[in-house]
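Residue numbers (my numbering), protein chains in the order written: chain W, 66 to 196; chain E, 1152 to 1672; chain Y, -3 to 417. Quick reminder that beta carbons are idealized off the backbone N, C-alpha and C, glycines included.
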Amino acid sequence: MLPVLYLAQREFGYIGPEVMDYVAEIMDVPVARVYGVVTFYTMFNMKPIGRHHIQVCRTLPCALAGSERITAAIKEKLKIDVGETTPDGRFTLTEVECLASCGTAPMMQVNDDYYENLTEKNVGEILDRLK
Amino acid sequence: MDPVKITLDGKEITTEKGKTVIQAAADAGIDIPHYCYHPKLTIAGNCRMCLVEIEKMPKLQIACNTQATEGMAVKTQSPKVLEARRAVMEFLLINHPLDCPICDQAGECWLQDYYMKHDLTPSRFDERKEHERKREIFGPYVVFDGERCIKCTRCVRFFQEVTHTDELTVVNRGDHSTIALFPGQTLDNPLSVNVVDICPVGALTDRDFRFKVRVWYLKKTPSICPGCSTGCNISVETYQNRIARFKPRVNEAVNSHWLCDEGRYVFHSLTEGERLTSPMIRQEGGLVPVDWDTALQAVAAGLAANAPAAAILSGRSTNEEAFLFGRMMKKISPEAKQEVFYRERELTEVEKVLMSPDRSPNFRGARHMGVGSEAGVEPLLQAIIEGRLRSAYIVGEDLVSLSEDGENLKSALGKLSFLVVQDIRMTPTAALAHVVLPATHFGEKAGTYTNRRGRVQKLEAAIVPPAGALQDWEIFSRLLGESYAAPEEIFAVAAREVPAYAGLDYEKIGALGADLEAQKQ
Amino acid sequence: MEKILLRNIDAPDSHTLAGHRSRGGYRALEKVLREMTPEKLIDEVKASGLRGRGGAGFPTGMKWGFVPKDNPKPKYVVCNADESEPGTFKDRLLIEKDPHAIVEGTIIAAYAIRSHTAFIYIRGEMFYGAQVLERAIDEAAAAGYLGKNILGSGYDIDLILHRGAGAYICGEETGLLSSLEGGKGWPKLKPPFPATHGLFGSPTVVNNVETLAALPWIIEQGAARYAAIGTEKSKGTKLFSVSGHIKKPGVYEVDMGYPFKKFLEEDCGGVANGRKLKGVIPGGASMPVLRAEELDGITMDYESFQAAGTLLGSGGVIVMDESTCMVRAAWNIARFFAHESCGQCSPCREGCHWMEKIFNRIEHGAGRAGDLEMILSISGNIGGNTICPFGDAASWPAAAFIKKFRSEFDEHIAAGKCTIH
């Protein structure tokens, strides 16, 4: 189920009701089951998000290393709050829990890639490079 | 049976290998409090209310998922257990809305009941409660309240395991977990309202019953559903002499814990509307009220003078009524063709879980009692339409409305020389009669039904018929010239004359019925 | 200190098959196939004293021994690569730098329980790690270490990589199995246990990445050599992930029994920025925090941490210096558990977020008298009453922070704000 949902998300951009129906059909399972699975996991999006999904780790080791300052810097730069998307659809900003990168904290994941050892300065540069 | 001995609070009880502690306790009459456990559904183990202390096990164990093993010592009242129960109750209540004053479940709510029995400590929660969707219409009969829900998942499991329709699921996670329908879907399968029965709280409620009456005012009468020949055991729940709702009674031999939606609400169509309160005879201007003696004399005379007659008995008539009707018609109109109303229909897969393909709960019992033949009612209706009969006595069925050929049947009935209709309301069929006799419906009857599988089960009268109406059995016994004190007496006579029923009586039938086959042994 | 798990990772080609083989890789597997029956293999691993490295520390050989040999159902081995315990990042290092050790270890474990289908369940966020592992699996298959009749031994084994999708609870072994079966990551009721009723109801063994990665060395060098390292109850080496206010964060391989305080002050360089140590969480965020004064005499092994009132867990060492507000730290962890609770059972579903709400209020200046007793009571009511150990994992840190730093919490409540900053 999870691999199929990943494929669906890659193909359709996000997993809305029509996509869940489609997955239910090809997996031959009740659509309610697909619905329950999609809503359970944080990495499945039921609504479209920005081209670059910025996920800043907020759990304790990163917090000790100043993750809140990184999030504040991103909010300041992009003029959006956590949970929001820039009007041009370029960035979505969320906070996530531990990404197993505590030794190189603070850090964030953008789409599939980790960006570690962040500073308030270099995070801006990283975002500038993401078109 | 592979016996296993355990002790429960010091008392030794014998159970079977394979039973869980909660089942063994229930069999011994001890209720271990629980929400998510249900004897007909898979074990979920998520409410944690049934935690008990088991000797030699360091942690408390859930009784619903612990197999009873030889020598196991279970404590259901130890301080640790009582503390855990209070803890679970507290957790379930912290986000629960203060809905009791407006919640239908009040009076039969397991949160209320267990709080009174196992908790009684004041709430310590002093934060903002989580909010959820309220009053969400799931389907034509079921409404959902996400705040009241305790996520026991009984409803989810019911639709997965009993109806196999899988409409509901749990979405999200943590304390945002909630029950949901896939967007755009409706909860309208034929057994949907059973989840209202099994929901321990007011999260799933019955739209038909909504706000009608507080449950502690209901009078509860055990009876049998008149919807079809499955004969589901029900509790007819009434208030101020009106039926408020049906609830299923547990009978593993018939309906287990379930009731279909159609049967659950059939009392509306079968009992509502203005009642007939006096016998009537057709005169120049139309139907006029008369006394019973006049009416019954007219019936006897009319049928005798207008052979051949058709006698059509309702599929909802009891065995006692059918027994008297058959003999009565033989006496008054020996050539009369007698049939019980019975019509088959196609059932869907989900309907087949519980329902029978007919709307005649006692067609089989009536045939046993001597009414009707293998040919069935359809050829007889055809004979009426073709004008081959001169009179008819129709009991309890509005044939004109039920017929596919309503216009032809109506005109044919209108052309009969003599028509008697015995019913509870002035139906289109009764409006054609020469004599109308006011009778009773299933909710006002005591008697027996024999279901499709040959099980004899008892109806009890839940409400009182309106003044002026007579019980069907009383009408037939007067026409027959016999006298009975109550249906039980009629059954005793029938049991002597119908070999299949020999040896049966109301006591043997009891609350759960008796199989005819078994009686033969 | 012995380098077992990290012996290969410094080479630039450590993740390739060629690199792995050049340093003796897959010789252990060849030895197993050539010389050992599954029973002998299980005995060897039992003798090594290897304990599960995911956090529970259950003896690995014993776990394998629970799988019924004559059960007709297919058997499964699952490598738990769902590393999500805050403060832990050692599995990620092995995945990215020594994937073939994991592949080899998984095949060895499969052989031990006569499994022909093995899975690696990797958390969804580790996209890069999944790519590295997928490539390693392909290389191994091409070289004949996976598939039918591997290395001509007559033994068949398939290895499938499966990505998670963002849920800490999928690191709990039965939550993982539920997810692998295509559902929500809901942990299953135990009994029955995965050894008899696991994946798809079949006998299953779930082992952590680090546990499996240790197997090739143990087989090649022998159980006795492994058991010669460490303490009486904690054999071999363990990877510790060190983060927080420490000079040299990173993954360290440590002989079990090494002195904890020495490890922090010398091997890890001590607290950064010349500040004083205030507290340390030794085994990932689930484990009770230790005050700086409590570290004397503690050695890095299961028994010593347990005697000190905490647990070794995943070995995620989170270092906090005197600038740390313990109220904020406790809230951070409570928030983590509230977010990750699967929601299945009532104590955890309702209790975790209740604790988070109270910590949140205290942190933001609205604490009240009785709040701390309330959290301690809630914590006690969750622990031991849940379907899976997540309930304990959520309740221990809440209670430990309050117990160990009580005066700081009291001052924070009384002052209506943080008294550290």
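Among the options, nearest to residue i - alpha-carbon criterion
i: Y/Val313; options: Y/Arg88, Y/Trp327 and Y/Val238; result: Y/Val238
i: Y/Ala52; options: Y/Glu40, Y/Glu168, Y/Cys75 and Y/Gly21; result: Y/Glu168
i: Y/Gly101; options: Y/Asp134, Y/Ser342, Y/Ala191 and Y/Ala210; result: Y/Ala210
i: E/Ala1344; options: E/Glu1537, E/Glu1388, E/Asp1317 and E/Cys1306; result: Looking at the sequence shown, residue 1344 of chain E is not Ala but Val. Closest by alpha carbon: E/Cys1306.
i: E/Arg1275; options: E/Gln1448, E/Val1441 and E/Met1240; result: E/Met1240
i: Y/Gly30; options: Y/Leu147, Y/Gly363, Y/Gly48 and Y/Arg49; result: Note on residue identity: the sequence assigns Arg, not Gly, to residue 30 of chain Y. Nearest C-alpha to Y/Arg30: Y/Leu147.
i: W/Arg98; options: E/Asn1323, E/Ala1214, E/Ser1552 and E/Leu1233; result: E/Asn1323
i: Y/Gly140; options: Y/Met(-3), Y/Ile294, Y/Leu13 and Y/Lys229; result: Y/Leu13
i: W/Ile114; options: W/Thr151, W/Arg123 and W/Tyr71; result: W/Thr151
i: E/Leu1233; options: E/Asp1255, E/Thr1272 and E/Glu1206; result: E/Thr1272
i: E/Glu1472; options: E/Tyr1188, E/Lys1170, E/Met1431 and E/Val1546; result: E/Val1546
i: E/Thr1304; options: Y/Ile242, Y/Leu291, Y/Gly339 and Y/Glu346; result: Y/Gly339
i: E/Ala1176; options: E/Phe1295, E/Ala1214 and E/Ile1375; result: E/Ala1214
i: E/Trp1409; options: E/Cys1379, E/Ile1349 and E/Ala1451; result: E/Ile1349
i: Y/Glu92; options: Y/Arg345, Y/Tyr164, Y/Val205 and Y/Lys27; result: Y/Val205
Beta-carbon proximity check, residue i vs residue j, cutoff 8 angstroms
i: Y/Asp154; j: Y/Leu173; result: no
i: W/Met85; j: W/Val69; result: no
i: Y/Ile5; j: Y/Asp94; result: yes
i: E/Pro1530; j: E/Asp1549; result: no
i: E/Tyr1544; j: E/Ala1612; result: no
i: E/Ile1183; j: E/Val1155; result: no
i: Y/Thr233; j: Y/Leu1; result: yes
i: Y/Pro199; j: Y/Pro64; result: yes
i: Y/Asp328; j: W/Leu125; result: It should be pointed out that residue 328 of chain Y corresponds to Asn in this sequence rather than to Asp. Cβ atoms of Y/Asn328 and W/Leu125: closer than 8 angstroms.
i: Y/Lys86; j: Y/Gly265; result: no
i: Y/Gly275; j: Y/Val285; result: yes
i: E/Ser1380; j: E/Asn1602; result: yes
i: W/Gln120; j: W/Met66; result: no
Proximal residues of chain Y, C-beta to C-beta of residue i below 9 angstroms
i: E/Arg1305; result: Chain Y residues near E/Arg1305: none, gap ~14 angstroms exceeds 9 angstroms.
i: W/Thr124; result: Pro82, Gly83, Ala281, Asn328, Ile329, Arg331 and Phe332
i: W/Leu192; result: Within 9 angstroms Cβ-Cβ: nothing; W/Leu192 doesn't reach chain Y, min ~19 angstroms.
Cβ-based burial, residue i [other Cβ within 10 Å; buried from 16]
i: E/Lys1566; result: exposed
i: Y/Pro8; result: exposed
i: E/Lys1370; result: exposed
i: W/Tyr79; result: exposed
i: Y/Tyr433; result: Here chain Y has residues from -3 to 417 only, and residue 433 of chain Y is not among them.
i: Y/Asp134; result: exposed
i: E/Pro1650; result: exposed
i: Y/Ile442; result: Nothing can be reported for residue 442 of chain Y, as the shown portion of chain Y is limited to -3 through 417.
i: W/Leu72; result: exposed
i: E/Ser1468; result: buried
i: E/Trp1261; result: buried
i: E/Leu1249; result: exposed
Residue range of the beta strand (DSSP E) that includes residue i
i: W/Pro68; result: Looking at the DSSP string, W/Pro68 is not in any beta strand (DSSP E); the run it does join, the alpha helix (DSSP H), is Leu67 to Phe77.
i: Y/Phe115; result: Thr113 to Ile118
i: E/Lys1384; result: In the sequence as presented, Lys is not what sits at residue 1384 of chain E; that position holds Asn. Run containing E/Asn1384: Asn1384 to Tyr1390, per the beta strand (DSSP E) assignment.
i: E/Val1313; result: It is not in any beta strand (DSSP E) - E/Val1313 carries neither H nor E in the DSSP assignment.
i: E/Lys1609; result: Arg1606 to Leu1610
i: Y/Thr207; result: Not the beta strand (DSSP E): Y/Thr207 falls in the alpha helix (DSSP H), residues Val205 to Gln217.
i: Y/Thr382; result: That residue, Y/Thr382, is in no beta strand (DSSP E); it is neither H nor E in DSSP.
Closer than 8 angstroms at the beta carbon, the chain W residues around residue i
i: Y/Tyr141; result: What Y/Tyr141 touches in chain W: nothing, since even the nearest Cβ is about 23 angstroms away.
i: E/Gly1335; result: Pro82
Closer than 8 angstroms at the beta carbon, the chain E residues around residue i
i: W/Phe105; result: Val1322, Asn1323 and Arg1324
Chain W contact residues for residue i, given Cβ-Cβ distances below 7 angstroms
i: E/Leu1319; result: Ala97
Alpha helix (DSSP H) segment containing residue i, residue limits
i: E/Ile1323; result: The residue you asked about is not Ile; residue 1323 of chain E is Asn in the sequence shown. Segment: none, E/Asn1323 is in no alpha helix (DSSP H) and carries neither H nor E.
i: W/Asn110; result: No alpha helix (DSSP H) contains W/Asn110, which DSSP labels as neither H nor E.
i: E/Gln1533; result: Val1528 to Ile1536
i: Y/Glu228; result: Where Y/Glu228 is concerned, there is no enclosing alpha helix (DSSP H), given that its DSSP letter is neither H nor E.
i: E/Ser1274; result: Where E/Ser1274 is concerned, there is no enclosing alpha helix (DSSP H), given that its DSSP letter is neither H nor E.
Interface residues of chain W facing residue i [CB-CB closer than 9 angstroms]
i: E/Ala1331; result: Ala97, Tyr100, Gly101 and Thr104
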